[in-house]
Amino acid sequence: NKGERAQLDKLYEKAKTSQWNGQTDLDWSIDVDPYKTLAPADPLEVQYFAENPESPMHKFNEEEWAEVGVESMNWSLSQFMHGEQGALLCTAKIVETVPWIDAKYYAATQVVDEARHVEAFHRYLDEKMPTTYPINENLKTLLDQLLQDSQWDLVYLGMQVVVEGLALAAFGMMMGTTQDPLLKQMIRYIMADEARHVAFGILSLQEIYDDLPSDAFRERQEFAYEACDLMRRRSLNAELWPSFGVSNKEIEALLPPTRTQQRFQHLIFSKIVPNCKKLGLLDHRDGWLRERFGEMGIIQYEDFSIEAEELTVDSAIEPSQN
């Protein structure tokens with residue numbers, strides 16, 4: 320019955336009053352020059368690639384580096400759009416399968432959010448950027464798993480906690496690198512929506528995970544680990560590099576030590592790991608997931624603080640300060 324979950328009801332009310340229109344609330348008249356939308360490249364990182372004799376990019380000139388920047392932006396925005404399309408389908412599945420009416424009410428607002436996000440990214444790519452990239456295979460694999468799974472809580476776990484957590488991290492990083500006021504405003508709107516989406520997942524899963532049988536809990540731990548591993552590999556930009564004559568094997572060997580890659584991994588997992596901890600996934604059964612995250616080198620983010628922008632349910636429910 321409606322009214323049984325007060326925080327979920329508050330989140331639903333917040334969602335209803337926070338809707339925005341991508342056609343009228345964004346200034347699409349802004350002229351976007353893709354070569355000027357990015358912050359200057361990290362000189363130490365460019366130096367790392369340019370002077371490392373093992374790097375296939377060590378002979379790139381200034382124009383080629385500029386192309387890498389633009390195409391990297393195209394790739395990221397394309398993956399955002401594909402991820403939002405997947406979120407649209409997954410959230411529609413949640414509306415259908417979640418057993419609580421108050422969760423169905425909120426999930427219906429998220430369906431509208433996701434449709435608006437797809438629309439906004441599609442228009443930006445179509446009107447402001449030169450190309451669009453196909454969906455990353457790791458992201459596609461996870462979305463396909465979520466859409467085919469018959470257990471509604473795994474759709475929540477994969478989409479609301481892992482994919483949406485990654486989205487918050489990636490959007491936050493792009494907010495700090497783009498110089499385009501249109502893209503900044505669009506991402507600011509989208510991030511406010513995404514914060515509610517993650518909170519929706521935590522509120523819903525905490526209720527059922529408190530009483531979940533041990534074997535079923537292990538299945539959720541394994542699923543969380545596999546989803547995080549797929550998202551870690553998604554960040555290697557596999558669709559980008561062949562157009563520059565660089566194999567994915569070469570770039571995979573070079574990317575992890577770079578500061579940008581380390582910063583992105585930090586942002587991703589500083590959103591996801593604390594929420595896995597909130598759900599009890601880290602330490603169930605002698606800490607199986609804690610050990611796996613330790614092997615991935617991400618367990619240090621379990622206590623990422625609110626001062627460093629870790630999402631909390633309360634912050635998603637309280638009125639926006641924007």
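In the working numbering, the protein residues as written are 320 to 641.
The C-beta atom is built at its ideal place from N, Cα and C for all residues, glycine as well.
Any idea what DSSP makes of residue i, helix, strand or coil?
i, result
"A627", "Note on A627: pLDDT 35, under 50, position unreliable in the model; no value is reported."
"L600", "coil"
"T497", "strand"
"M531", "Met is not the amino acid found at residue 531; the sequence shown has Leu there. It is coil, neither helix nor strand."
"L345", "coil"
"F379", "coil"
"N393", "helix"
"D421", "helix"
"T450", "coil"
"Q504", "helix"
"Q470", "coil"
"W607", "helix"
"G388", "helix"
"N457", "helix"
"P638", "Residue placement at P638 is flagged as unreliable, the pLDDT there being 44, under the threshold of 50; a coordinate-derived value is accordingly withheld."
"Q464", "helix"
Buried or exposed: which applies to residue i, given that a residue is buried once 16 or more other Cβ atoms fall within 10 Å of its Cβ?
i, result
"E415", "exposed"
"D445", "exposed"
"S589", "buried"
"S395", "buried"
"S348", "exposed"
"Y354", "exposed"
"K412", "buried"
"A572", "exposed"
"S523", "buried"
Answer yes or no: do residue i and residue j have a C-beta to C-beta separation smaller than 7 Å?
i, j, result
"D432", "D512", "yes"
"V474", "L485", "no"
"T428", "A334", "yes"
"H516", "Q479", "yes"
"R604", "R552", "no"
"M400", "F440", "yes"
"Y508", "L608", "no"
"T497", "T356", "yes"
"L327", "Y425", "yes"
"L476", "G405", "no"
"E390", "L559", "yes"
"Q398", "N457", "no"
"I617", "V592", "yes"
"V351", "D499", "yes"
"V565", "P375", "yes"
Below 6 Å, is the gap between the Cβ of residue i and the nearest heavy atom of the ligand HEM?
i, result
"P353", "Summarising the ligand content, the structure contains no ligands, and the ligand HEM is consequently not present."
Name the DSSP bridge partner or partners of residue i?
i, result
"L357", "T497"
Taking residue i as the reference, which of the options has the closest Cα?
i, options, result
"C272", "K596, G491 and E483", "In this structure the chain extends from 320 to 641, so residue 272 is not present and cannot be described."
"R539", "L600, A488, W471 and P353", "L600"
"M505", "I617, D328 and N340", "N340"
"Y528", "N594, V387, Q619 and D352", "N594"
"I587", "S523, L501, A489 and D622", "A489"
"E382", "G520, V481, F563 and P372", "F563"
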